[in-house]
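Engineer: Mapping of the sequence shown onto the numbering used here: position 30 corresponds to residue 34, and the numbering continues sequentially without gaps.
Think of the CB as a built atom: it goes at the ideal place given N, C-alpha and C, for glycine as much as any other residue.
Everything numeric in this text was worked out from a predicted model, so none of it was measured.
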Amino acid sequence: MSLLYGGGLPVSQEQVWATLTSPVASSMIAPPVLGVGLPLPPSAAGSASPPTLAGLRLADSAHPQEGLVVPAPPQHLQSYMVEGLASVRGVQACAYAASTREKMERALQNFSLWLRQWGGGRQLMDCTPEQVLVYMEQHWTSAHRGRNSTGRPSPSAILSELSFLSTQFDLLGRRGVYDPQTGAGNPCLSSDVTIYRRGYQRQSGNAGYQERSAVPLTLAKYRRLVVYLYISAGAADGLARLVLLRDLLCFMYMWLTTTRGHDCGRLSLGDFRDPRDVGRPYGGFPLALLQPWEAYPAGFHLVVSQLGTKTYQGRRAPPVRLAPVEEMGFCFVRTLAQYLGFCRRGGWPVQGYLFRPLEPNQSGFSERPLGSAALSARLRLHLQGAGLYEGETCHSFRRGALQHARSVGVPTAGLLELGQMRSLGTLQRYLDPSRHLTSGSVSK
Numbered sequence: 005m006s007l008l009y010g011g012g013l014p015v016s017q018e019q020v021w022a023t024l025t026s027p028v029a030s031s032m033i034a035p036p037v038l039g040v041g042l043p044l045p046p047s048a049a050g051s052a053s054p055p056t057l058a059g060l061r062l063a064d065s066a067h068p069q070e071g072l073v074v075p076a077p078p079q080h081l082q083s084y085m086v087e088g089l090a091s092v093r094g095v096q097a098c099a100y101a102a103s104t105r106e107k108m109e110r111a112l113q114n115f116s117l118w119l120r121q122w123g124g125g126r127q128l129m130d131c132t133p134e135q136v137l138v139y140m141e142q143h144w145t146s147a148h149r150g151r152n153s154t155g156r157p158s159p160s161a162i163l164s165e166l167s168f169l170s171t172q173f174d175l176l177g178r179r180g181v182y183d184p185q186t187g188a189g190n191p192c193l194s195s196d197v198t199i200y201r202r203g204y205q206r207q208s209g210n211a212g213y214q215e216r217s218a219v220p221l222t223l224a225k226y227r228r229l230v231v232y233l234y235i236s237a238g239a240a241d242g243l244a245r246l247v248l249l250r251d252l253l254c255f256m257y258m259w260l261t262t263t264r265g266h267d268c269g270r271l272s273l274g275d276f277r278d279p280r281d282v283g284r285p286y287g288g289f290p291l292a293l294l295q296p297w298e299a300y301p302a303g304f305h306l307v308v309s310q311l312g313t314k315t316y317q318g319r320r321a322p323p324v325r326l327a328p329v330e331e332m333g334f335c336f337v338r339t340l341a342q343y344l345g346f347c348r349r350g351g352w353p354v355q356g357y358l359f360r361p362l363e364p365n366q367s368g369f370s371e372r373p374l375g376s377a378a379l380s381a382r383l384r385l386h387l388q389g390a391g392l393y394e395g396e397t398c399h400s401f402r403r404g405a406l407q408h409a410r411s412v413g414v415p416t417a418g419l420l421e422l423g424q425m426r427s428l429g430t431l432q433r434y435l436d437p438s439r440h441l442t443s444g445s446v447s448k
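#1: Counting Cβ pairs closer than 8 Å, one from the segment 173–184 and one from the segment 125–133, do we hit at least three?
#2: Going straight from the alpha carbon of L243 to that of S91, what length do you get?
#3: Tell me, which residues are paired with Y357 by DSSP?
#4: Exposed or buried, N190, counting other C-beta atoms within 10 Å across all chains shown (16 or more means buried)?
#5: DSSP has N190 in a bridge; who is on the other side?
#6: With distances taken Cα to Cα, identify the nearest neighbour of T145 among G124, R93, R120 and N114.
#7: Between the segment 385–402 and the segment 279–295, do at least 3 Cβ pairs fall closer than 8 Å?
#8: With three or more beta-carbon pairs closer than 8 Å as the criterion, would you say the segment 104–120 touches the segment 162–170?
#9: Have a look at P3 and T263 and give me their C-alpha separation to the nearest angstrom.
#10: For a test of the three-state rule: what should DSSP assign to V138, helix, strand or coil?
#11: Under 8 Å by Cβ, that's how I've got Y343 and L249 pegged, so tell me the actual separation to the nearest angstrom.
#12: In the DSSP assignment, the alpha helix (DSSP H) including R384 goes from what residue to what residue?
#13: Run through DSSP, which three-state label would L128 get?
#14: Put D267 into one of helix, strand or coil per three-state DSSP.
#15: What first and last residue would you give for the beta strand (DSSP E) that runs through R284?
#16: May I have the straight-line CA-CA distance separating E331 from S116, to the nearest angstrom?
#17: Between the beta-carbon of L435 and the beta-carbon of L422, is there less than 9 Å?
#18: Taking 8 Å as the threshold, find out whether the segment 176–185 comes into contact with the segment 193–204 through three or more Cβ pairs.
#19: What's the C-alpha gap between Q424 and F401?
#20: Within 10 angstroms of the Cβ of Q82, are there 16 or more other Cβ atoms? Answer buried if so, exposed if not.
#21: For the alpha helix (DSSP H) containing V412, list its first residue and its last residue.
#22: Please identify the residue among R410, G351, G150 and V307 whose C-alpha is closest to the C-alpha of A321.
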């Protein structure tokens, strides 16, 4: 199937990716006090105890051998620290995914607002575990209705919200296990909170609740989805065609590599590596646009080693090999070449992120990664359009591809490698063919 370039058609609204940062308490950083606690020479200390390397380094830093250090004026010190803390917050913002940062911020803001009304004068820095628990039981569970038969949020949702609050209290300086005698410590780290979580989980189970996994996508449904999108892209023009090709490539990539939706949306050209040396970036872009009767050279393939996935944060994931296949409509390499070529011709060349969301005015691509929520919405839209939707999400590709690989004889070691997993227990949950069928449960 070949595609032709043309004019534009309207595209459905997509979700905008947001970035928020976490606050940093000023008490977390303090300027050094020179001359305090420095080791004294043996003659002055009155002791012959040998000096330590740490002591010598500290002495060297406080008494440089050359030059004169003049303390900064207070007004300069203040502005210097404010500027430095702003930079620190920017770095700390990268410690969490944007969606996680947003949830953490919202959790603290909502609890702070509740304290103003129901906290009895207590605030974030002196609230107790009892107030956290009353907030969760009386307010949060009512404001966040679940999709299960009880109507209450799932146990994992309770755990996540308490985890967000706990992290925020830690950043505010309330660290460690809560001490009821002194009121010090993290109010989320208390035996009462732990007992509440366990009781909530048991109570939910007694009511018939059980979490289940995403609906696995079957090979047959994947192939029908690919055909539907390829035909749709061939009938579209301009930006509408590019969006359809983008979605098609995302779905192909998630099926072939079992990549999560969040990681797929963050894939960039820099994640394509030299097949002969994965330590170097791939230098073969732009890919050649072959005619339908032409074939790629024997042995040609692409290698992806993504930087900063959920499993491999701060480093590159193990390399994944993507080779051309004979069925042109199911060939990731050919479709990628078409997509990159059309993006260049349309004036939206791919230079960083491979899969980008649209601008709010739908006039072009925004140079941001495609969020997993937006990608799931696009998947649901296309499955519904093809008459195939049965509750699938982006995670359905991961479950479905792993279950299909097992069905064709891939051994356990190969399945762990395909899913880039370390835990056999985690793999078994993905391979469970009925985990998504539990009555009275919700998708996870």
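Structural biologist: Answer, in terms of the structure:
#1: Contact between the segment 173–184 and the segment 125–133 is present, because at least three Cβ pairs lie under 8 Å.
#2: Computed Cα separation, rounded: 38 Å.
#3: Y357 is bridged to S272.
#4: In the assembly as shown, N190 is a buried residue. Its beta-carbon has 16 or more other beta-carbons within 10 Å.
#5: According to DSSP, which records beta bridges pairwise, N190 is partnered with V181.
#6: Comparing Cα-Cα distances from T145 to each of G124, R93, R120 and N114, the minimum goes to N114.
#7: Contact between the segment 385–402 and the segment 279–295 is absent: fewer than 3 CB-CB pairs across the two stretches fall below 8 Å.
#8: Contact holds: three or more Cβ-Cβ distances are below 8 Å.
#9: The structure shown does not extend to residue 3, since the chain is modelled only from 5 through 448, so no value can be given for it.
#10: Helix at V138.
#11: With 8 Å as the limit, Y343 and L249 qualify as a contact, their Cβ atoms being about 4 Å apart.
#12: Start and end: S376 to G389.
#13: Note: L128 maps to coil in three-state DSSP.
#14: Three-state result, D267: helix.
#15: D281 to P285 is the extent of the beta strand (DSSP E) around R284.
#16: Those two C-alpha atoms are separated by around 57 Å.
#17: No, Cβ-Cβ distance for L435 and L422 is not below 9 Å.
#18: These segments touch.
#19: Using only the alpha carbons, I get a separation of about 14 Å.
#20: Its Cβ having fewer than 16 others within 10 Å, Q82 is exposed.
#21: Per DSSP, V412 belongs to no alpha helix (DSSP H) and is neither H nor E.
#22: Comparing Cα positions, the closest option is V307.
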